[in-house]
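Visitor: Heads up, the sequence shown is in our numbering, so the first residue is 57 and it goes up one at a time.
This is the structure I have questions about; it appears just below.
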Amino acid sequence: MKITRASVNVCSPGRNFVTLKIETDQGVYGLGDGTLNGRELAVVSYLADHVIPCLIARDPFQTEDIWQYLYRGAYWRRGPVTMSAIAAVDMALWDIKGKALNTPVYNLLGGKSRNGVMVYAHANGKDIEQTIDAVGREIERGYLAVRAQSGIPGLDSTYGVAKGNKPYEPAERGLPSESLWSTEKYLRHAPKLFERVRQHFGDDVHLLHDCHHRLTPIEAARLGRELEPYHLFWMEDPVPAELQEGFAVIRQHTTTPIATGEVFNSIWDAKMLIEKQWIDYIRMTVVHGGGLTHLKKVADFAALFHVRTGCHGATDLSPVSMAAALHFGLAVHNFGVQEHMPHNEETDAVFPHGYSFDSGYMYPGDAPGLGVELDEALAAKYPYQRAYLPINRKLDGTLFDW
Ligand code: KDG
Ligand code: MG
């Protein structure tokens with residue numbers, strides 16, 4: 057089998073998506089997600105101008121060699137643009153392999169290690185009462201694990217909390233909006249939120265929380281310790297992770313489990329965190345983490361150190377990534393949990409898919425390959441629109457972590 061053609065589709069059914077389609081001389085094609093929130097067109101150019109010409113006439117079954125060719129052969133390694141582009145190729149090749157062999161991708165990754173993939177929902181509200189209502193709605197929908205975020209008294213808006221009546225979406229169209237942040241107010245509020253949520257819903261539901269990289273290690277240590285009575289499933293991204301040693305400080309002080317890595321793109325970003333056992337869950341995901349070929353290696357390395365997977369799964373990961381994450385989550389032994397932020401109806405229509413949700417678990421379906429299609433005619437009705445993640449400043453105007 058030979059690759060004959062590849063093309064990049066950019067569409068915006070409510071938010072932007074970058075999709076790579078690789079075609080072969082046998083009529084089988086594969087889809088890969090290359091969406092990089094707020095920097096989408098950089099990946100489009102990387103693929104169209106630099107990668108696609110090198111793919112033509114290659115054997116699409118050579119997932120490992122093509123991965124190494126794109127990673128090592130470029131000389132310029134790593135980085136979110138490069139690794140999202142490599143991931144798009146890699147996903148599309150696994151999709152082709154599955155379709156050509158007439159089997160779902162999870163069978164190529166080791167087969168089912170479990171019956172379903174436990175997913176966590178997002179619940180957020182302007183204040184604690186609204187957040188409790190939102191957690192209740194997700195539990196009623198059947199989720200066994202819920203991430204709770206709440207607006208903070210004294211701050212106008214908080215990342216991760218919906219604005220107006222629209223559901224929370226990580227990117228906003230137009231130029232980046234700016235919001236103000238106070239660590240002091242947040243640290244006073246977050247333990248009260250979880251005290252109330254735990255009291256209200258009891259011990260069974262898994263509770264998660266995302267700090268969005270906004271604390272220092274000692275602040276995160278304080279929060280982790282104060283959240284201990286509420287037994288969180290995890291506290292996510294407590295600190296920016298460039299300084300891996302920062303996690304050692306958190307670990308010394310708290311038993312609240314730690315998850316990080318949604319912005320990582322290479323195993324090298326997580327090496328110390330994993331081998332020193334400073335984290336419990338690695339959040340790298342298929343699209344930003346170099347595809348299934350690389351993520352499988354990350355998971356196998358993590359397994360040696362009691363670290364489990366907890367792949368990022370916000371709406372900026374397209375249904376192609378979601379499907380890939382579900383095949384991966386079904387197959388890897390050290391799976392922990394998968395994030396699930398459902399896409400809007402327009403996105404689901406552009407990307408018809410076989411995956412499904414039932415009683416807290418998701419299932420990738422048994423279609424050959426990844427089990428996702430791209431309706432190109434419908435996608436063309438939603439052209440790209442510039443959009444960004446918001447910018448965050450401290451009350452005195454200092455630029456801060458988002
Ligand atoms: O593109 C970035 C968003 O997906 C991210 O900020 C959302 O933190 C997030 C999460 O955990 O889903
Ligand atoms: Mg996050």
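We put the beta carbon where it would ideally sit given N, CA and C, even for glycine.
Quick caveat: nothing in here was measured; it's all calculated off a predicted structure.
Can you tell me which of the three DSSP states L87 falls into?
Guide: It is a strand residue.
Visitor: Could you give the C-beta distance for P420 and H383, rounded to a whole number, given that I count them as a contact under 8 Å?
Guide: Going by Cβ atoms, the distance from P420 to H383 rounds to 5 Å, so yes, they are a contact pair.
Visitor: What does Q394 pair with, by DSSP beta-bridge criteria?
Guide: DSSP output for Q394 lists V175 as bridge partner(s).
Visitor: Taking Cβ positions, are G86 and I152 nearer each other than 8 Å?
Guide: It is a contact, given that the beta carbons lie within the stated cut-off.
Visitor: What residue does the alpha helix (DSSP H) around H350 start on, and which one ends it?
Guide: Unbroken alpha helix (DSSP H) run through H350: 347 to 359.
Visitor: Leaving out the 5 sequence neighbours to the left and right, which residues in its chain are closer than 6 Å to G410 when beta-carbon positions are compared?
Guide: Closer than 6 Å at the Cβ level, and outside the excluded window around G410, lie G421, A423, G427.
Visitor: With distances taken between CB atoms, is the gap from D372 to R95 smaller than 8 Å?
Guide: Cβ atoms of D372 and R95: not closer than 8 Å.
Visitor: What would DSSP say about M57, mapped onto helix, strand or coil?
Guide: Of the three classes helix, strand and coil, the one that applies to M57 here is coil, per DSSP.
Visitor: Does the Cβ of H309 lie closer than 7 Å to at least one heavy atom of the ligand MG?
Guide: Every heavy atom of the ligand MG is 7 Å or more from the Cβ of H309, so no.
Visitor: Terminal residues of the continuous alpha helix (DSSP H) containing Y417?
Guide: Looking at the DSSP string, Y417 is not in any alpha helix (DSSP H); the run it does join, the beta strand (DSSP E), is 417 to 419.
Visitor: Which residues in the same chain as Y102 place their Cβ atom closer than 6 Å to its Cβ, once the five residues preceding and following it in sequence are excluded?
Guide: Cβ neighbours of Y102 beyond the five flanking positions: V137, A141.
Visitor: Can you name the start and end residues of the beta strand (DSSP E) that R449 belongs to?
Guide: Where R449 is concerned, the enclosing beta strand (DSSP E) stretches over 447 to 450.
Visitor: Following the continuous beta strand (DSSP E) through I314, name the residue where it begins and the one where it ends.
Guide: Start and end: 314 to 316.
Visitor: If you measure between the beta carbons of V145 and L76, is that distance less than 8 Å?
Guide: In this structure, L76 lies closer than 8 Å to V145 by Cβ.
Visitor: Which residue comes first and which comes last in the alpha helix (DSSP H) that contains F257?
Guide: 239 to 257 is the extent of the alpha helix (DSSP H) around F257.
Visitor: Cβ of E318 within 7 Å of any heavy atom in the ligand MG?
Guide: Yes, the beta carbon of E318 sits closer than 7 Å to at least one heavy atom of the ligand MG.
Visitor: Where does A104 sit, in a helix, a strand or coil, going by DSSP?
Guide: Three-state DSSP puts A104 in a helix.
Visitor: Whether or not the segment 271 to 282 and the segment 308 to 324 are in contact is what I'm after, with contact meaning three or more pairs of Cβ atoms, one per stretch, closer than 8 Å; do they touch?
Guide: Yes, since at least three Cβ pairs between the segment 308 to 324 and the segment 271 to 282 fall closer than 8 Å, the two stretches touch.
Visitor: Can you look up Y337 in the DSSP assignment and give me helix, strand or coil?
Guide: If DSSP states are grouped into helix, strand and coil, Y337 belongs with the strands.
Visitor: Starting from Y444, follow its DSSP beta bridges and name the residues at the other end.
Guide: Partner(s): E228.
Visitor: How should A113 be labelled, buried or exposed, when 16 other C-beta atoms within 10 angstroms of its C-beta is the threshold for buried?
Guide: Exposed, since its Cβ has fewer than 16 Cβ neighbours within 10 Å.
Visitor: Starting from E402, trace the beta strand (DSSP E) both ways and give me its first and last residue.
Guide: No beta strand (DSSP E) contains E402, which is instead part of the alpha helix (DSSP H) from 401 to 406.
Visitor: For P226 and D81, I'd like the C-alpha separation in whole angstroms.
Guide: Cα to Cα, the separation comes out at about 39 Å.
Visitor: Straight-line CA distance for K339 to T316?
Guide: With the sequence shown as reference, residue 339 is identified as Arg, and Lys is not the correct amino acid for it. Approximately 5 Å between the Cα atoms of the pair.
Visitor: How long is the line joining the alpha carbons of F257 and Q186, rounded to whole angstroms?
Guide: Going by the C-alpha atoms only, they are around 14 Å apart.
Visitor: Go to A379, then tell me how far its beta strand (DSSP E) extends in each direction, as first and last residue.
Guide: Where A379 is concerned, there is no enclosing beta strand (DSSP E), although the alpha helix (DSSP H) it sits in stretches over 375 to 387.
Visitor: Under a three-way DSSP split, which group does C110 fall into?
Guide: Residue state, collapsed to three classes: helix.
Visitor: Which residues bound the alpha helix (DSSP H) around F303?
Guide: F303 -> alpha helix (DSSP H) spans 302 to 309.
Visitor: Is the beta carbon of A387 less than 8 Å from the beta carbon of G166?
Guide: Yes.
Visitor: Does the segment 364 to 380 come into contact with the segment 247 to 254, if we say contact requires no fewer than three beta-carbon pairs (one atom in each stretch) closer than 8 Å?
Guide: The segment 364 to 380 vs the segment 247 to 254: no contact.
Visitor: Hey, out of N221, K155, A326, G192, whose CA is closest to E298's CA?
Guide: If we check each option's Cα against that of E298, A326 comes out closest.
Visitor: Indicate whether the contact test is met: 3 or more Cβ pairs, each with one atom in the segment 327 to 346 and one in the segment 354 to 364, closer than 8 Å.
Guide: They touch, by the three-pair rule.
Visitor: Buried or exposed: G198, going by 16 or more other Cβ atoms within 10 Å of its Cβ?
Guide: G198 should be labelled exposed.
Visitor: By DSSP's criteria, Q205 is part of a beta bridge. Which residues make up the other side?
Guide: Beta-bridge pairing links Q205 to N180.
Visitor: With contact counted as at least three CB pairs below 8 Å, one residue from each stretch, are the segment 343 to 354 and the segment 188 to 207 in contact?
Guide: Because the criterion of three Cβ pairs below 8 Å is not met, the segment 343 to 354 and the segment 188 to 207 do not touch.
Visitor: Please determine, among T60, V217, Q394, the residue with the shortest C-alpha to C-alpha distance to V342.
Guide: Among T60, V217, Q394, the Cα nearest to that of V342 is on Q394.
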